Amino acid sequence: MAGTDGHALRLTALNDAAARLGLHAGMALADARAMYPALAVEQADPAADATLLESIAGWCLRYTPLVGIAPPDGLLLDITGCAHLLGGEAALRHDLLLRLKGLGFHARAAIADTVGAAHALARHGTCAIAAPGGMTEALRDLPLAGLRLDADSITGLRQSGFEHIGALYALPRAPLAARFGPGLWLQLDRALGRQGEAITPHFPPPRFCVERAFAEPLVRMEDVLTVAEELAARLTAQMARQGMGARGLALMLFRLDGRMQRLTAGTSRPLRDAAFIRRLFADRLTVCEDDHDPGFGYDLVRLVAHETERLDPAQAGLSGTGQAEALARLTDRLTARLGAAQVLRLAEQDTHIPEAACVALPAATAKAMAAPSLTPQDTLLAARPLRLFTRPQPLDETPMAAAPDGAPLRFRWRRILHEVVAHEGPERIALDWWRDGQDRALTRDYFRVACKDGGRFWIFREGLYHQTAPRWFVHGLFA
Amino acid sequence: MEPVLSRAFRSVPPLEDGPPITLGVRALDAALGGGLCARRVHEIVPGGVFQLGSAAGFALGLASCADRRGAVIWIQQGQAAAEGGVPYGSGASLFGFSPARFLLVKAATAKDALWAAEEGLRCAGTAAVILELTGAGEAADLTATRRLNLVAQEHGALPLLLRQQGMRGTSAAATRWLVRGAPGRADGFGGIGNTAFALTLEKNRHGPCGDWRLEWDHEQHRFRAALSVAVAAPAAHRPHRAA
Numbered sequence: 000m001a002g003t004d005g006h007a008l009r010l011t012a013l014n015d016a017a018a019r020l021g022l023h024a025g026m027a028l029a030d031a032r033a034m035y036p037a038l039a040v041e042q043a044d045p046a047a048d049a050t051l052l053e054s055i056a057g058w059c060l061r062y063t064p065l066v067g068i069a070p071p072d073g074l075l076l077d078i079t080g081c082a083h084l085l086g087g088e089a090a091l092r093h094d095l096l097l098r099l100k101g102l103g104f105h106a107r108a109a110i111a112d113t114v115g116a117a118h119a120l121a122r123h124g125t126c127a128i129a130a131p132g133g134m135t136e137a138l139r140d141l142p143l144a145g146l147r148l149d150a151d152s153i154t155g156l157r158q159s160g161f162e163h164i165g166a167l168y169a170l171p172r173a174p175l176a177a178r179f180g181p182g183l184w185l186q187l188d189r190a191l192g193r194q195g196e197a198i199t200p201h202f203p204p205p206r207f208c209v210e211r212a213f214a215e216p217l218v219r220m221e222d223v224l225t226v227a228e229e230l231a232a233r234l235t236a237q238m239a240r241q242g243m244g245a246r247g248l249a250l251m252l253f254r255l256d257g258r259m260q261r262l263t264a265g266t267s268r269p270l271r272d273a274a275f276i277r278r279l280f281a282d283r284l285t286v287c288e289d290d291h292d293p294g295f296g297y298d299l300v301r302l303v304a305h306e307t308e309r310l311d312p313a314q315a316g317l318s319g320t321g322q323a324e325a326l327a328r329l330t331d332r333l334t335a336r337l338g339a340a341q342v343l344r345l346a347e348q349d350t351h352i353p354e355a356a357c358v359a360l361p362a363a364t365a366k367a368m369a370a371p372s373l374t375p376q377d378t379l380l381a382a383r384p385l386r387l388f389t390r391p392q393p394l395d396e397t398p399m400a401a402a403p404d405g406a407p408l409r410f411r412w413r414r415i416l417h418e419v420v421a422h423e424g425p426e427r428i429a430l431d432w433w434r435d436g437q438d439r440a441l442t443r444d445y446f447r448v449a450c451k452d453g454g455r456f457w458i459f460r461e462g463l464y465h466q467t468a469p470r471w472f473v474h475g476l477f478a
Numbered sequence: 000m001e002p003v004l005s006r007a008f009r010s011v012p013p014l015e016d017g018p019p020i021t022l023g024v025r026a027l028d029a030a031l032g033g034g035l036c037a038r039r040v041h042e043i044v045p046g047g048v049f050q051l052g053s054a055a056g057f058a059l060g061l062a063s064c065a066d067r068r069g070a071v072i073w074i075q076q077g078q079a080a081a082e083g084g085v086p087y088g089s090g091a092s093l094f095g096f097s098p099a100r101f102l103l104v105k106a107a108t109a110k111d112a113l114w115a116a117e118e119g120l121r122c123a124g125t126a127a128v129i130l131e132l133t134g135a136g137e138a139a140d141l142t143a144t145r146r147l148n149l150v151a152q153e154h155g156a157l158p159l160l161l162r163q164q165g166m167r168g169t170s171a172a173a174t175r176w177l178v179r180g181a182p183g184r185a186d187g188f189g190g191i192g193n194t195a196f197a198l199t200l201e202k203n204r205h206g207p208c209g210d211w212r213l214e215w216d217h218e219q220h221r222f223r224a225a226l227s228v229a230v231a232a233p234a235a236h237r238p239h240r241a242a
């Protein structure tokens, strides 16, 4: 593999045969070619590498729910409380490496108390599992490259005569910090566990989690859904004990060949209904069936609630709650199949700008709305159309008006000529002129016009006659 | 194929009409056989795309007559919103609907839109489902409308099918309305007046077709006749009965 580094083409990765020839990563491609003209070189593709790393991270979720990515080539697994499930740390590491090897990856793994120490041990160490509390000892003889420092600092330290991490332990801090920056001590303290460091999980960590492994893989999607419902029953029982309901769910399907497929579903209210969870995922599957090919089958299915909310037991049958509940469930199902941006609720906002006064928000996340501020008796109400164009629609040509500032006598819109018989207005609405960078006159004069052919329009003139050539738009249709 | 289908159709029990929804205009209710069938699809077609506002207003009026508390699921297919705009909350208040009662659904395809309509009809909190299809809405054909009828039978919400243009084929709808805006009664201040509809009842399973003129009462939230006498054309020829 070769990639560009600055202006030179350099080797970024090589296989065992090339390594045996004495080549190494970071070497200029021209040098390598000079040594071995027959070298087979491929263009490096960092984006594809990142995608692959992400998919391996998904696969690693089978060991722990908390997996972080350390680009460009590392994965961080927090196995606290997980190791005993696979028979201890050594067994877990062995299983992980064996399976990765089976999938065709060459990997190194180390287990340590801190992220920094595991990073150093996995890349440069000989001992795979550091004794708990023994980070100082474990890191003493490792090269400085094991600390996550930039290349300049490492070269500088080497030139100062330091080779191993242990050499830094007894040094005075201030002079080195002055030369190499505070990052040096931060990384050392993190590796030694004197400073905390958290793994940033790549997938949202679950609050509740149930799973089932299969000796014989599942290949039919109906079976997967049945398993999902069974898992959902266990999950809801767990949540019920703590009085919680799920707001965000994920169904993870671990495929035999190492791919992890993740289906997510959100709910607008906390949910604890196994049959409904199954239907949500069935709806999700109908849209993305192509992305979820079972291949040789799934050997592990996991259901996770990564977002939960308090759900107190409610008394059924009180007036109104049943309807609201049914509507929330409908919202969830529509959202699961069509997407959150397609299922909307109307919300009124306290502004006079027509487009912003009533906006459509995703129903799955929008809170139940307060009563509208405008009462039906409000005289302004009659002045607003039933249908509004999100973008005002320009008229075909500037219409003829009785007076320069008046309503048009007739206008042409979408190639149809409308003869105005009655009008109300103008109602002047000034936009947020301070937000417009182009310094336009953003004043709109709105007219409500009724036409001879029965159409009723909300049209406006943008701009003032004496300042600019005004433009006319249709903004809404009245009933 | 043909005999199989006809046998299958014969085996389906006839649809039951629920209690009719009275529109509050006596002559029109009489022509509809007591009122609008609550459990059947009703088609609404605007006189032109620019009259989608009137058509939507008429649909909301019907929904308001059907149920004053439940939610309205308004499904717009594809480019329907670009063609005729999105429902606007403040304007809908005139029909007695607070914006919170709307659930807007944008469906990319007619298939998704029909699915969403069925799910909406099955939901207990729904007063009406307004299914707005682009163009003539050919996807809502005889089979699709029949399906909607069957779902509505079980759950009782009012299905309203809003086509942006008239369709040539048949459908299982109980009524089809051609809706145009009409000049409203003048309010004495020179304004554009009340919301008024010039309706043509093009298809009616329970009575004659004809022309009607209705007005919407924004205070009481109900229809009233704009003329004292309704003009009902005698229905000599009704081709849909043959279908």
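As given, the protein sequences belong to chains Y and A, one line each in that order. What the first sequence shows, in numbering that gives the first Met the number 0, is residues 0 to 478, in sequence order. What the second sequence shows, in numbering that gives the first Met the number 0, is residues 0 to 242, in sequence order. For glycine and all other residues, C-beta sits at the position ideal for the given N, C-alpha and C. If you're wondering where the values come from, they're calculated on a predicted model, not measured in any experiment.
Check	Outcome
Can the beta-carbon of A363/Y be found closer than 8 angstroms to that of R283/Y?	no
Could you give the first and the last residue of the continuous alpha helix (DSSP H) run that contains W432/Y?	Counting along the chain, W432/Y falls outside any alpha helix (DSSP H), and DSSP gives it neither H nor E.
Taking the alpha-carbon of D431/Y as reference, which of A121/Y, G160/Y, L224/Y and T442/Y has the nearest alpha-carbon?	T442/Y
Applying the criterion that 16 or more other CB atoms from any shown protein chain within 10 Å of the CB defines a buried residue, is Y62/Y buried or exposed?	buried
Based on DSSP bridge pairs, tell me the residues matched to R460/Y.	D444/Y and W471/Y
For L99/Y and I198/Y, which I take to be in contact (beta-carbon distance under 8 angstroms), what is that distance rounded to the nearest angstrom?	Between I198/Y and L99/Y the Cβ distance is about 19 angstroms, and since that is not below 8 angstroms, they are no contact.
May I have a chain-ordered list of the alpha helix (DSSP H) segments no shorter than 4 residues that lie completely inside the stretch 217 to 290 of chain Y?	220 to 240 and 273 to 286
On the premise that L130/A lies in contact with H154/A, defined as a C-beta separation below 8 angstroms, what is that separation, rounded to the nearest angstrom?	That pair is no contact at about 15 angstroms.
Would you kindly report the start and end of the unbroken beta strand (DSSP E) that includes R221/A?	R221 to A224
Any residues in the stretch 351 to 363 of chain Y with a beta carbon nearer than 7 angstroms to a beta carbon of chain A? Which ones, in chain order?	A356, C357, A359 and A362
Nearest CA to the CA of L156/Y: which residue from R178/Y, L141/Y and A137/Y?	R178/Y
Across which residues does DSSP place H163/Y in a beta bridge pair?	P142/Y
Could you pull the start and end residues of the alpha helix (DSSP H) that E56/A belongs to?	At residue 56/A the sequence reads Gly, which differs from the Glu that was named. G56/A -> alpha helix (DSSP H) spans L51 to A65.
Around the C-beta of P312/Y, are 16 or more other C-beta atoms found within 10 angstroms, so that it is buried, or is it exposed?	exposed
Which residues in chain Y sit within 8 angstroms of T108/A, going by Cβ to Cβ distance?	Within 8 angstroms Cβ-Cβ: nothing; T108/A doesn't reach chain Y, min ~10 angstroms.
Just mark V230/A as buried or exposed, buried being the case when its beta carbon has 16 or more other beta carbons within 10 Å.	At V230/A the pLDDT is 49, less than 50, meaning the model places this residue with poor confidence and gives no usable figure here.
Can you give the Cα-Cα distance for A370/Y and A99/A, rounded to whole angstroms?	A caution first: A370/Y carries a pLDDT of 44, below 50, which makes its placement in the model unreliable, though a value can still be read off. Looking at the two C-alpha atoms, the distance is approximately 8 angstroms.
Measure from the alpha carbon of L395/Y to the alpha carbon of each residue in M251/Y, W184/Y, W471/Y and M26/Y, then state which is nearest.	It is worth fixing the name first, because residue 395/Y is Asp in this sequence and not Leu. Here the closest residue by C-alpha is W471/Y.
Do A171/A and L141/A have their CB atoms nearer than 8 angstroms?	yes
Report all residues from its chain with a CB closer than 6 angstroms to the CB of L22/Y; omit the five preceding and five following residues, and keep chain order.	L13 and A31
Would you call the CB atoms of L217/Y and V226/Y closer than 8 angstroms?	yes
In angstroms with no decimal places, state the Cα-to-Cα distance between A231/Y and G244/Y.	12 angstroms
Note down, in chain order, all residues in the stretch 151 to 177 of chain A with a beta-carbon under 8 angstroms from any beta-carbon belonging to chain Y.	none
For R19/Y, go through chain A and note every residue whose CB falls closer than 7 angstroms to its CB, in chain order.	None at all; the shortest Cβ gap to chain A is about 56 angstroms.
So, L187/Y versus L167/Y, is the Cβ gap smaller than 8 angstroms?	yes
Shorter than 8 angstroms from the beta carbon of I415/Y to some beta carbon of chain A?	yes
Which partner residues of G73/Y appear in the DSSP bridge assignment?	A69/Y
Mind the definition here: the stretch 91 to 105 of chain A touches the stretch 331 to 347 of chain Y only if three or more C-beta pairs lie below 8 angstroms; say whether that holds.	yes
For the alpha helix (DSSP H) containing E354/Y, name the first residue and the last one.	P353 to A356
Taking contact to mean at least 3 C-beta pairs separated by less than 8 angstroms, is the stretch 50 to 70 of chain A in contact with the stretch 122 to 129 of chain A?	yes
Along the stretch 416 to 436 of chain Y, what residues have a CB closer than 8 angstroms to any CB found in chain A?	H417, V420, A421, H422 and E423
Taking only beta-carbon atoms, is T330/Y less than 8 angstroms away from chain A?	yes
Should S159/Y go down as buried or exposed, given a rule of 16 or more other Cβ atoms within 10 Å for buried?	exposed
Quick check: the Cα distance between T467/Y and G454/Y, rounded to an integer number of angstroms?	29 angstroms
Compare the C-beta of A346/Y against all C-beta atoms of chain A and say whether one is closer than 8 angstroms.	yes
With burial defined as no fewer than 16 other Cβ atoms inside 10 Å of the residue's Cβ, what is the status of L476/Y: buried or exposed?	buried
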